[in-house]
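In this note's numbering, the protein residues as written are 14 to 361.
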């Protein structure tokens with residue numbers, strides 16, 4: 014089953030499209046969505062359709078910041094009951110966990126991971142739809158919404174240490190710097206933001222523990238409505254954590270909120286193998302990166318979780334019967350390996 018999202022994500026699409034000279038009815042109709050879908054925020058629609066709609070709208074309006082325009086007016090209340098629960102979390106750290114615990118009620122394709130070191134926190138956010146990573150506009154929209162959530166907790170004066178985008182830099186960087194109020198890096202290995210660990214643990218003064226407990230009980234009663242299969246959830250988590258070299262079941266299970274032994278048992282009950290899911294996801298992502306042509310082979314190796322080029326080459330030859338370089342040259346004869354972007358974020 015495809016990843017689904019709440020139609021609430023398009024709540025301000027019509028206003029944004031009109032402001033940029035587009036007819037929202039026409040564009041929604043192109044993806045078999047009636048304009049009335051905007052009046053039913055809890056209706057679920059395929060995440061891939063939302064991504065395609067935003068990309069096409071950005072292209073036709075000649076607005077490379079369409080996703081940011083969409084995010085600029087987002088509020089916690091747009092998340093429905095889950096949004097109300099978020100406002101009563103004791104800290105941002107707890108709120109980020111809630112977005113993952115109840116993502117099946119928000120956005121099946123959303124994966125968030127927190128990594129901390131030396132009092133800095135890297136918040137990675139990926140939109141994984143049908144086993145493919147997000148396009149530029151959905152990335153911008155998702156990061157814009159994440160940024161707005163941080164400001165809802167920490168105040169409008171808050172800004173991240175830095176922002177990272179996996180897509181290439183637009184011709185005009187000013188809208189990004191103005192929106193986020195910090196340095197923005199493009200061509201990065203991930204989509205996300207960097208803040209301090211203290212930001213994550215700043216107490217939320219308006220949190221009501223009684224209301225929080227009530228809302229959690231209510232949402233737990235809806236947990237059976239999750240449309241994502243176990244295998245899809247695991248594939249999404251793998252796609253997020255592979256670039257960090259964290260692809261073992263012991264590292265994936267906590268992202269899904271379960272113990273590794275529990276995850277192993279659930280896989281056995283469904284006749285699934287974690288190693289097969291890991292391999293399938295790695296191959297799918299590899300084909301996507303190779304087809305894109307913008308990444309160096311060293312970058313692809315890192316994105317797939319390999320710490321060294323020889324290890325990646327051995328795996329690749331075992332899977333495809335040829336070297337990574339030969340495979341790429343067949344796909345892109347005109348691209349010299351040295352011209353592909355490096356794995357490290359490029360400063361803009």
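Each residue gets a CB set at the ideal place from its N, CA and C atoms; glycine is no exception. Bear in mind the structure is a predicted one, so any value in this text is a computation, not a measurement.
Contact check, residue 98 vs residue 293, beta carbons under 9 angstroms: When the beta-carbon positions are compared, residue 98 and residue 293 stay at least 9 angstroms from each other.
Residue nearest to residue 207 in terms of C-alpha spacing, selected from 96, 200, 159: 159
Counted within 10 angstroms of its Cβ, other Cβ atoms place residue 346 as buried (16 or more) or exposed: exposed
Rounded straight-line distance, which links the Cα of residue 298 to that of residue 46: 29 angstroms
Residue range of the unbroken beta strand (DSSP E) whose run includes residue 59: Residue 59 -> beta strand (DSSP E) spans 57 to 59.
C-beta contact flag for residue 175 and residue 203 at 9 angstroms: no
Residues that residue 127 bridges to, as DSSP identifies them: For residue 127, which the question treats as bridged, DSSP gives the partners 136.
Beta-carbon spacing of residue 200, residue 307 below 9 angstroms: yes
Inter-residue spacing [alpha-carbon to alpha-carbon] between residue 64 and residue 93: 21 angstroms
Residue 308 in three-state terms, based on DSSP: strand
Span of the beta strand (DSSP E), counted from its first residue to its last, around residue 158: Where residue 158 is concerned, there is no enclosing beta strand (DSSP E), although the alpha helix (DSSP H) it sits in stretches over 149 to 167.
Local conformation of residue 29 per DSSP, three classes: helix
Proximity winner among 191, 287, 66, 339, relative to residue 172 (alpha-carbon distances): 191
Local Cβ density within 10 Å of residue 83, reported as buried at 16 or more and exposed below that: buried
C-beta neighbour in chain D for residue 315, strict 9 angstroms: Of the protein chains in the structure, only one exists, and it is not chain D.
Cutoff 6 angstroms; reference residue 96; Cβ partners in own chain excluding five residues on either side: Close CB contacts of residue 96 within its chain, under the 6 angstroms cut and outside five residues either way in sequence, are with 89, 90 (chain order).
Helix, strand or coil at residue 294 [DSSP, three-state]: helix
Span separating the alpha-carbon of residue 317 from that of residue 338: Cα-Cα distance, rounded: 16 angstroms.
Coarse secondary structure for residue 205, derived from DSSP in three states: DSSP, reduced to helix, strand and coil, places residue 205 within a strand of the structure shown.
Those runs of the alpha helix (DSSP H) which lie wholly inside the segment 22 to 106 and span at least 4 residues: Counting only runs of 4 or more, we get 26 to 32, 37 to 43, 60 to 74, 79 to 84, 93 to 100.
As assigned by DSSP and simplified to three states, the class of residue 115: DSSP, reduced to helix, strand and coil, places residue 115 outside both helices and strands of the structure shown, so it counts as coil.
6 angstroms CB neighbourhood of residue 66 in its chain, flanking five on each side removed: 44
Where the alpha helix (DSSP H) containing residue 210 begins and where it ends: 210 to 214
Residue range of the beta strand (DSSP E) that includes residue 175: 175 to 178
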